[in-house]
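Residue numbers (this note's numbering), protein chains in the order written: chain A, 2 to 340; chain B, 2 to 340. All C-beta atoms in this analysis are idealised placements derived from N, C-alpha and C, irrespective of residue type, glycine included. Single-structure report; data block below.
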DNA sequence: TCAATGACTGAAAGCGCTTTCACGGTTTTG
DNA sequence: CAAAACCGTGAAAGCGCTTTCAGTCATTGA
């Protein structure tokens with residue numbers, strides 16, 4: 002049916018071994034022979050069977066991208082497209098392919114596939130939360146793995162992450178710079194590391210400015226718009242009211258903005274508002290949201306580099322690579338009165 | 002190194018054939034033997050080698066998702082996450098895995114991978130535009146393919162699409178219903194089918210209402226915010242001004258909104274504004290955008306069903322499946338003065 | 001001039017699985 | 001009670017490729 006290497010060999014009048022050598026650019030093949038084989042390959046439009054090759058060389062040239070939670074629902078932004086674009090960039094360069102392992106709402110979880118040996122050479126985990134399945138799988142899996150974001154419980158896993166802490170600190174300092182004192186925080190979930198780190202950055206900034214962190218000004222959200230709305234309502238009931246709010250995600254900032262409006266106040270005149278993530282929506286809001294941008298595509302790109310480097314030449318002595326990427330303050334209109 | 006089926010067979014004291022039969026739930030295996038084999042499998046935590054299996058059965062149980070253009074950049078919305086979630090839903094159900102084939106800005110294009118025979122059982126194309134590579138690849142590829150959105154030049158390819166035309170018609174009728182007469186359109190690119198269809202739906206609505214389509218009220222954009230801004234500025238210069246604008250994408254509607262604001266006018270008081278897509282931003286805008294929602298996840302889900310059905314039992318006589326999914330009008334605040 | 005080296009090639013042994021075939025032993029059927 | 005059907009099993013032949021090994025020539029060095 003499909004044309005095989007044997008057929009190529011037959012047509013070129015050589016053995017299969019030689020054809021294989023030509024295909025893989027081995028040296029020590031007679032140029033004339035080489036040309037005959039290429040000729041046959043072109044004539045027949047032959048494509049090597051990747052599966053057979055994988056079996057023989059015991060590598061698949063495929064890595065997995067594991068997205069355990071349906072977080073695409075959580076972040077209503079192009080986080081994953083960008084991340085994957087970054088990973089793809091590196092993969093394309095090195096002739097690797099990407100397998101997508103996605104948990105869906107059916108409860109089916111992706112580690113099932115991964116287990117099938119020989120399928121994946123390595124994997125990138127893009128999980129925000131350390132759920133039970135993830136940990137369990139990490140425990141027993143044998144392929145190299147790198148994670149987007151640190152996995153607390155497994156310090157041995159290489160990761161690349163964004164400097165959430167410093168990003169949060171920067172934006173809160175920006176708030177302080179504009180004269181705000183009573184600065185509240187709507188944090189992310191504390192079981193997500195990004196949530197915790199951004200909170201810590203908030204504390205850093207306050208402490209550095211000699212402002213004490215007041216528990217009643219800190220409310221835990223879950224990154225969603227709704228949780229931002231609810232948290233902001235609680236904050237508005239405080240007396241005195243906070244004069245600025247740092248929301249640990251742009252979606253929560255949006256919810257907060259709506260709550261402010263609903264109570265007849267305005268941003269930034271009555272309360273300043275800062276977000277985190279720089280989703281497209283942030284620029285589109287009125288007022289445009291001051292926020293922190295993360296280099297998402299770069300995150301993916303570097304994670305893939307780490308993984309592929311490891312696969313292509315496994316290090317002699319084991320060493321855990323860690324990369325922290327800087328974040329960037331994006332100043333728009335929501336933190337201070339316009340001149 | 003890794004444990005193989007032979008090892009299982011040895012441990013269970015049977016032949017490899019029998020172990021294979023147990024693994025694949027064949028009937029006609031002595032229950033006692035069956036149990037011994039499972040026992041060995043559990044003990045050793047054996048995982049069959051997927052590559053070897055694929056080679057033997059000549060199927061990989063993997064489908065490709067082909068995203069030729071870097072359109073994730075174009076649509077700043079969670080279109081692909083949702084689409085892929087839908088596809089994943091179906092794939093998980095039927096034990097298939099998804100390979101992601103993404104073109105990146107490097108110019109590397111994804112069809113390279115696909116060609117490697119035996120790698121993919123089938124593919125879903127999620128391409129908005131019919132570029133040269135796509136067509137060329139379709140020409141020579143032999144695996145079953147289904148497309149998200151119709152491919153004009155290849156009527157033989159099964160597809161699932163959203164009823165762009167009817168969606169556009171509905172929303173323009175909504176505009177008419179609220180008393181608007183001079184209704185402009187900012188269309189998508191005419192070389193993209195969704196762009197054309199939405200334009201046709203706009204014409205349908207006008208014609209049905211006895212309003213003639215006026216060329217100066219129709220401006221071609223490219224779905225981006227910027228193009229919406231530019232188009233709206235042109236529209237505002239018209240005399241008399243249109244009293245309503247249908248933008249063929251929410252991003253263009255956003256651009257249009259900014260243009261309206263910039264010229265000191267307001268939506269919907271001075272001009273009504275309607276979008277298309279219902280990206281998260283649409284609900285977050287002020288005023289919240291009236292738009293058309295497409296069942297994106299469902300789109301992916303059904304595309305995958307079509308493909309997998311075809312793979313699992315190939316139809317005797319060839320027939321091209323076509324599915325058109327309905328769109329939904331989402332009425333918010335941008336088309337009429339609030340009561 | 002002869003041994004040693006090196007270039008080129010094919011046979012054959014895998015990679016880890018599935019599946020056909022054949023065979024002995026049990027049941028069923030006419 | 002013989003023939004037919006069926007069950008349960010292992011040997012062996014693939015699936016389409018890579019790679020080792022050994023062998024043939026043609027070169028080179030001493």
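Problem - DSSP-derived helix/strand/coil call for residue 262/B - result: As a working note, residue 262/B is residue 261 in the second chain. In this structure, residue 262/B counts as helix in the three-state DSSP scheme.
Practice task
Flag this pair as yes or no: are the beta carbons of residue 33/B and residue 13/B separated by less than 8 Å?
Solution key: Within the second chain, numbered from 1, the residue matching residue 33/B stands at position 32. Within the second chain, numbered from 1, the residue matching residue 13/B stands at position 12. No, they are not a contact pair.
Problem - Reduced DSSP category for residue 18/B - H, G, I as helix; E, B as strand; rest coil - result: Indexing the second chain from 1 puts residue 18/B at position 17. Of the three classes helix, strand and coil, the one that applies to residue 18/B here is helix, per DSSP.
Problem - Beta-carbon contacts of residue 73/B that lie in its chain and below 6 Å, excluding the five residues immediately before and after - result: Walking along the second chain from the start, residue 73/B turns up at place 72. Unreliable positioning characterises residue 73/B in this predicted model, as indicated by a pLDDT of 47, which lies under 50. The coordinate reading is nonetheless provided below. 81.
Practice task
Establish whether the CB of residue 119/B and some CB of chain A are separated by less than 8 Å.
Solution key: The sequence position of residue 119/B within the second chain is 118, counting from 1. At least one chain A Cβ lies under 8 Å of residue 119/B.
Practice task
Kindly indicate which residue of 197/A, 96/A, 282/A and 121/A has the alpha-carbon position closest to the one of residue 51/B.
Solution key: By 1-based counting over the second chain, the position of residue 51/B is 50. It is 121/A whose Cα lies nearest to the Cα of residue 51/B.
Exercise for the section: Check whether the Cβ atoms of residue 246/A and residue 292/A lie closer than 8 Å to each other. Expected result: One-based indexing of the first chain puts residue 246/A at position 245. One-based indexing of the first chain puts residue 292/A at position 291. No, Cβ-Cβ distance for residue 246/A and residue 292/A is not below 8 Å.
Exercise for the section: With residue 326/B as the anchor, note down where its alpha helix (DSSP H) starts and where it stops. Expected result: What you label residue 326/B is simply residue 325 of the second chain in a count that begins at 1. Careful: residue 326/B lies outside any alpha helix (DSSP H), inside the beta strand (DSSP E) at 323-326.
Exercise for the section: Can you say whether residue 321/B is buried or exposed, counting buried as having 16 or more other CB atoms within 10 angstroms of its CB? Expected result: Here residue 321/B corresponds to residue number 320 of the second chain, with the count starting at 1. Result: exposed.
Exercise for the section: From the DSSP output, in three-state form, read off residue 187/A for me. Expected result: Walking along the first chain from the start, residue 187/A turns up at place 186. Three-state DSSP puts residue 187/A in a strand.
Exercise for the section: Using three-state DSSP, classify residue 251/A as helix, strand or coil. Expected result: By 1-based counting over the first chain, the position of residue 251/A is 250. Helix.
Handout entry: Nearest neighbour of residue 100/A, chosen from 61/A, 337/A and 150/A [CA to CA]
Key = Within the first chain, the letter at position 99 stands for residue 100/A. If we check each option's Cα against that of residue 100/A, 61/A comes out closest.
Handout entry: Proximity test, Cβ basis, 8 Å: residue 51/B and chain A
Key = Translated into positions along the second chain, residue 51/B becomes position 50. Closer than 8 Å: yes.
Problem - First and last residue of the uninterrupted beta strand (DSSP E) at residue 162/B - result: Here residue 162/B is taken as the residue at index 161 of the second chain, counted from 1. Note, residue 162/B: beta strand (DSSP E), 160-163.
Handout entry: Cβ separation of residue 17/A and residue 6/A, assumed to be a contact under 8 Å, to the nearest whole Å
Key = Within the first chain, residue 17/A is the residue found at index 16, counting from 1. Within the first chain, residue 6/A is the residue found at index 5, counting from 1. Sure, about 5 Å apart at Cβ, within 8 Å.
Problem - Secondary structure of residue 147/B, DSSP reduced to three states - result: Working through the second chain from its first residue, we reach residue 147/B at position 146. It is a strand residue.
Exercise for the section: Report yes or no: do three or more beta-carbon pairs, one from the stretch 146-158 of chain B and one from the stretch 203-222 of chain B, lie closer than 8 Å? Expected result: no
Practice task
Measure the beta-carbon distance from residue 228/A to residue 273/A and round it to whole angstroms, keeping in mind my assumption that it falls under 8 Å.
Solution key: Here residue 228/A is taken as the residue at index 227 of the first chain, counted from 1. Here residue 273/A is taken as the residue at index 272 of the first chain, counted from 1. Not a contact, Cβ separation roughly 20 Å.
Handout entry: Cα-Cα separation between residue 171/B and residue 177/A, rounded to whole angstroms
Key = As a first step, residue 171/B is located in the second chain; it is residue number 170 there, counting from the start. As a first step, residue 177/A is located in the first chain; it is residue number 176 there, counting from the start. Whole-angstrom Cα-Cα distance: 49 Å.
Problem - Whole-angstrom distance between residue 256/A and residue 75/B, CA atom to CA atom - result: Within the second chain, residue 75/B is the residue found at index 74, counting from 1. Within the first chain, residue 256/A is the residue found at index 255, counting from 1. Low confidence applies to residue 75/B: its pLDDT is 48, below 50, so where it sits in the model is not reliable, and the reading given next is rough at best. So the two alpha carbons sit approximately 26 Å from each other.
Exercise for the section: Kindly give me the distance between the Cβ atoms of residue 223/A and residue 190/A, rounded to whole angstroms, as I take these residues to be in contact under 8 Å. Expected result: Counting from 1 along the first chain, the entry for residue 223/A is found at position 222. Counting from 1 along the first chain, the entry for residue 190/A is found at position 189. Yes, residue 223/A and residue 190/A are in contact; Cβ-Cβ is about 5 Å, under 8 Å.
Exercise for the section: Tell me whether the beta-carbon of residue 123/A lies closer than 8 Å to the beta-carbon of residue 152/A. Expected result: Taking the first residue of the first chain as position 1, residue 123/A is located at position 122. Taking the first residue of the first chain as position 1, residue 152/A is located at position 151. No, the Cβ-Cβ distance between residue 123/A and residue 152/A is not below 8 Å.
Practice task
Look up residue 6/A in the DSSP assignment and say whether it is helix, strand or coil.
Solution key: Within the first chain, residue 6/A is the residue found at index 5, counting from 1. If DSSP states are grouped into helix, strand and coil, residue 6/A belongs with the helices.
Practice task
List the residues that DSSP assigns as beta-bridge partners of residue 102/B.
Solution key: To locate residue 102/B, count along the second chain from 1; it is residue 101. Bridge partners of residue 102/B: 67/B.
Practice task
Kindly say whether residue 330/B, judged by its beta-carbon, lies nearer than 8 Å to any beta-carbon of chain A.
Solution key: For the purposes of this step, residue 330/B is taken as residue 329 along the second chain, with counting starting at 1. False, the Cβ-Cβ gap to chain A never drops below 8 Å.
Handout entry: Cβ shell of residue 307/B (< 6 Å), same chain only, five flanking positions each side left out
Key = Here the question's residue 307/B lines up with position 306 in the second chain. Contacts found: 147, 159 and 322.
Exercise for the section: Determine the contact status of residue 188/B and residue 249/B, defining contact as a CB-CB distance below 8 Å. Expected result: Start at 1 with the first residue of the second chain, and residue 188/B comes out as number 187. Start at 1 with the first residue of the second chain, and residue 249/B comes out as number 248. Yes, these two residues count as a Cβ contact at 8 Å.
Handout entry: Reduced DSSP category for residue 34/A - H, G, I as helix; E, B as strand; rest coil
Key = Counting from 1 along the first chain, the entry for residue 34/A is found at position 33. Helix.
Handout entry: Where residue 3/A meets chain B, residues with beta-carbon distance less than 7 Å
Key = Position 2 of the first chain, counted from the start, is the residue given in the question as residue 3/A. Those are 118, listed as they occur along chain B.
Practice task
Kindly say whether residue 255/A, judged by its beta-carbon, lies nearer than 8 Å to any beta-carbon of chain B.
Solution key: Position 254 of the first chain, counting from 1, holds the residue named residue 255/A. Yes, because at least one Cβ of chain B sits closer than 8 Å to the Cβ of residue 255/A.
Problem - Collapsed DSSP secondary structure at residue 318/B in the structure displayed - result: Against the second chain, residue 318/B aligns to sequence position 317. Coil.
Problem - 8 Å Cβ cutoff met for residue 251/A and residue 280/A - result: Numbered from 1 along the first chain, position 250 holds the residue referred to as residue 251/A. Numbered from 1 along the first chain, position 279 holds the residue referred to as residue 280/A. In contact: residue 251/A and residue 280/A (Cβ atoms closer than 8 Å).
Handout entry: Environment of residue 106/A [buried if 16+ CB atoms lie within 10 Å]
Key = Along the first chain, one-based indexing puts residue 106/A at 105. Residue confidence for residue 106/A is low, a pLDDT of 49 falling below 50, so the modelled location carries little weight and cannot support an answer.
Exercise for the section: Closer than 6 Å by C-beta to residue 226/A: which residues in its own chain qualify, once you throw out the five before and the five after it? Chain order, please. Expected result: Within the first chain, residue 226/A is the residue found at index 225, counting from 1. Around residue 226/A: 252, 255 and 256.
Practice task
Please go through the same chain and pick out, in chain order, the residues whose beta-carbon is closer than 6 Å to the beta-carbon of residue 271/A, but skip the five residues on each side of it.
Solution key: Numbered from its first residue, the first chain carries residue 271/A at position 270. Nothing meets the Cβ criterion.
Problem - Residues that residue 123/A bridges to, as DSSP identifies them - result: Here the question's residue 123/A lines up with position 122 in the first chain. In DSSP, residue 123/A forms a bridge with 64/A.
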